Every structure is written in C-alpha cells, then in structure tokens.
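Visitor: The structure is given below, and queries will be raised subsequently.
What follows is the structure in structure tokens.
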C-alpha cells in the first residue's frame, strides 16, 4: 500500500505530535542521525544541507553578523517554536539581543526569518509562510535558488501575510538597516 493510501486509511486514528513530545524524543536521541522539524504535528525530514544552499546560508550569516546593529543576533538552523504543534528550523532567524535572553524552549520573537529554498521551495513558500504568519513574524524571506528570486512576506494578519513581494536576482534589498546585494548572493549558486 502506498503512503497516501495508508494515511487515508488511518486518518481517523492519527494524532499530531506536540512540541513537548518532539523535543523529549529529540533529547532522548531519537533524531540524532537525521535532520527533522515538526510541522503541524508531523515529523518532517529536512533537505540535506550542501552545495549552493550551504554557501548562501554561510554568506548571509556572515553578512548579517557583520552589519546588524549590536542589539540584534543571528540564529542559524535553530528550532523556532511557532505553535504547540509546529517547530520549524529556519536557515536564519534574527532576534533582538534583549529577546535572546528570554528564550526558553526554542521560543523567540524573530524580527526576520530566512529560508534558503531549493528542494524545499513549496514547503517554504506555502506551509512555512503560513506558520510564520501565524506566529506573527514581521518579515519572512524565501531565497528561491531555483527561480533566482527573493520572495518577501510582510504584514502578518490572522495567520497570513498580507503583502508578498518578489525581487529579482539583480537587485539589492534592505532589512533591519542591512543592505543585502542579491547579485552577490545568487553568484554563490553558480
């Protein structure tokens, strides 16, 4: 039986996993050999990091760390608790230093969340956009390495971003006082 058929057959007996359960299992070593995140109560395998994705994440991390005001910090690939049943692991999250000291159980008030998308494009553009909007993250970026564009989500209201803008690979964008030259970013993918 194929996976969708199994899920359809079992749908009335499946229950979501909470963040508390997910984190306890992780602490017990259940996920030591794999990269996973919790999305709507489902354990989801994350794409392998490597190649262009890794280079872009490293460059962005360095760029933001060098140019952000000292009252902000860059978190890289850390769990972000957005609800009782969701804990995605964004590529980057920028938080205020004051909020950093209040972080407990992977909860933080990110000002910007960034996903670098290749094989995860649909999940990042649709599912994670909803999750971050529900968590009221003010600005969410998807750097789409396939279509060589930046998709910027802003103005979260009632679990959805009301503004979604697309910027081409030949532009520069500014966020939190930092200019990000997209030609430089996308040159890392060639």
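In the numbering used here, the protein residues as written are 52 to 241. Ideal placement from N, C-alpha and C gives every residue a C-beta, glycine not left out. Remember, it's a predicted structure, so these values are computed and weren't measured experimentally.
Would you kindly report the start and end of the unbroken beta strand (DSSP E) that includes residue 189?
Guide: The residue you call residue 189 lines up with position 138 of the chain shown. Residue 189 -> no beta strand (DSSP E), and no H or E assigned at all.
Visitor: Please determine, among 64, 145, 137 and 108, the residue with the shortest C-alpha to C-alpha distance to residue 119.
Guide: The residue given as residue 119 occupies position 68 in the chain shown. When only C-alpha atoms are compared, the closest one is 145.
Visitor: For the structure I just gave you, are there three or more beta carbon pairs, one from the segment 207-217 and one from the segment 171-188, closer than 8 Å?
Guide: They touch, by the three-pair rule.
Visitor: Report buried or exposed for residue 219, applying the criterion of at least 16 other Cβ atoms within 10 angstroms of its Cβ.
Guide: The residue given as residue 219 occupies position 168 in the chain shown. Exposed.
Visitor: For a quick check, are the C-beta atoms of residue 247 and residue 142 less than 7 Å apart?
Guide: Here the chain comprises residues numbered 52 to 241, so residue 247 is not present and cannot be evaluated.
Visitor: Using the Cα positions of residue 125 and residue 60, report the straight-line distance between them to the nearest angstrom.
Guide: As a first step, residue 125 must be located in the chain shown, where it is residue number 74. As a first step, residue 60 must be located in the chain shown, where it is residue number 9. About 43 Å.
Visitor: Excluding the five sequence neighbours on either side, which residues of its own chain have a C-beta within less than 6 Å of the C-beta of residue 211, listed in chain order?
Guide: Position 160 of the chain shown holds residue 211. Result list for residue 211: 184, in chain order.
Visitor: For residue 198, count neighbouring C-beta atoms within 10 Å of its own C-beta (all shown protein chains included) and say buried if the count is 16 or more, exposed if not.
Guide: Taking the first residue of the chain shown as position 1, residue 198 is located at position 147. Flag for residue 198 reads exposed.
Visitor: Roughly how many angstroms separate the alpha carbons of residue 121 and residue 65, rounded to a whole number?
Guide: Against the chain shown, residue 121 aligns to sequence position 70. Against the chain shown, residue 65 aligns to sequence position 14. Those two C-alpha atoms are separated by around 46 Å.
Visitor: Which first and last residues belong to the beta strand (DSSP E) in which residue 166 is found?
Guide: As a working mapping, residue 166 is identified with position 115 in the chain shown. Looking at the DSSP string, the run of the beta strand (DSSP E) that includes residue 166 is 161-168.
Visitor: Taking residue 109 as part of the alpha helix (DSSP H), name the residues at either end of that continuous run.
Guide: Taking the chain shown and counting its residues from 1, the one referred to as residue 109 is at position 58. Unbroken alpha helix (DSSP H) run through residue 109: 102-118.
Visitor: Should residue 234 go down as buried or exposed, given a rule of 16 or more other Cβ atoms within 10 Å for buried?
Guide: Here residue 234 refers to the residue found at position 183 of the chain shown. Answer is exposed; the Cβ neighbour count stays below 16.
Visitor: May I have the straight-line CA-CA distance separating residue 104 from residue 84, to the nearest angstrom?
Guide: Reading the chain shown from its first residue, position 53 is the one you call residue 104. Reading the chain shown from its first residue, position 33 is the one you call residue 84. Approximately 20 Å between the Cα atoms of the pair.
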